[in-house]
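Okay, structure first, notes after.
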Amino acid sequence: MATSPNHPMDAGQATSIHCRKAACGDRESIAWLVARLEPLLLAHATWRMGPDLRRTQDPSDIVHEAWLVLLPRLATLPVRDGRLTPVLLSYLTTTVLHKVRNLLRREIRRTAHLPTPSQLDGDPSTALVGDRSEVIGAVMRGEAIDLVRAALDELPDADRQIVLLRGIEQQAPEIVANQLGITRGAVSKRYRRALERLRSRLPGSVFGELQEE
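Numbering-wise (our numbering), the sequence shown opens with residue 1 and increments by one.
See below:
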């Protein structure tokens, strides 16, 4: 159904429409998706890489590569409960995790000292598409992530970690609870509280597209 001034398109619908167009190579839709999700992805990559790896690697390079892996697969992504945003975040962050793992292995061979253990495994194939790469790079260079980073930094450490695991990586609440050593109910409560704070701080952002459960 077409939208109207009385029935405006919500953010989830906009994401789905831009995904379909981006899958066909539409540059404006690719730029829209990158601009929409980039601040979260850079915050996530920065967190996952840790200070040691960031001394030699730029998180934005990892995120750029994740986009290049995703774009050729946009047309085949499944819809989750009628929404694509959680699927996009899950795919992109999983790819970032695989890239980080590969970098850590390379650093181990190069420096012969072990990084912090992680649970990263698997490695999806990559695909380089020159035209799309240019679009992604241009948006990433122009996209300011200061507001998202500041909003996440304002959260208590435990709440911020839950947002990164539950919201951005789209891990199940039971898995997050097990990792953090707290109850599922505590995860849900902290996640809900953190999302409310982030939505209030950044109205209209992608945080509004994340489900509380």
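For glycine and all other residues, C-beta sits at the position ideal for the given N, C-alpha and C. Bear in mind the structure is a predicted one, so any value in this text is a computation, not a measurement.
- Looking at the DSSP output, residue 83 sits in a beta bridge with 80.
- Annotated three-state conformation of residue 90 is helix, per DSSP.
- DSSP places residue 183 outside any alpha helix (DSSP H), giving it a letter other than H or E.
- By the criterion of at least three beta-carbon pairs nearer than 8 Å, the region 58-69 is in contact with the region 93-100.
- Classified as exposed, residue 56 has fewer than 16 neighbouring CB atoms from the shown chains inside 10 Å of its CB.
- In summary, residue 160 is buried, with 16 or more beta-carbon neighbours lying within 10 Å of its beta-carbon over all protein chains present.
- Annotated three-state conformation of residue 97 is helix, per DSSP.
- Our two residues, residue 210 and residue 173, have alpha carbons roughly 14 Å apart in a direct line.
- Here DSSP, grouped into helix, strand and coil, assigns residue 58 to coil.
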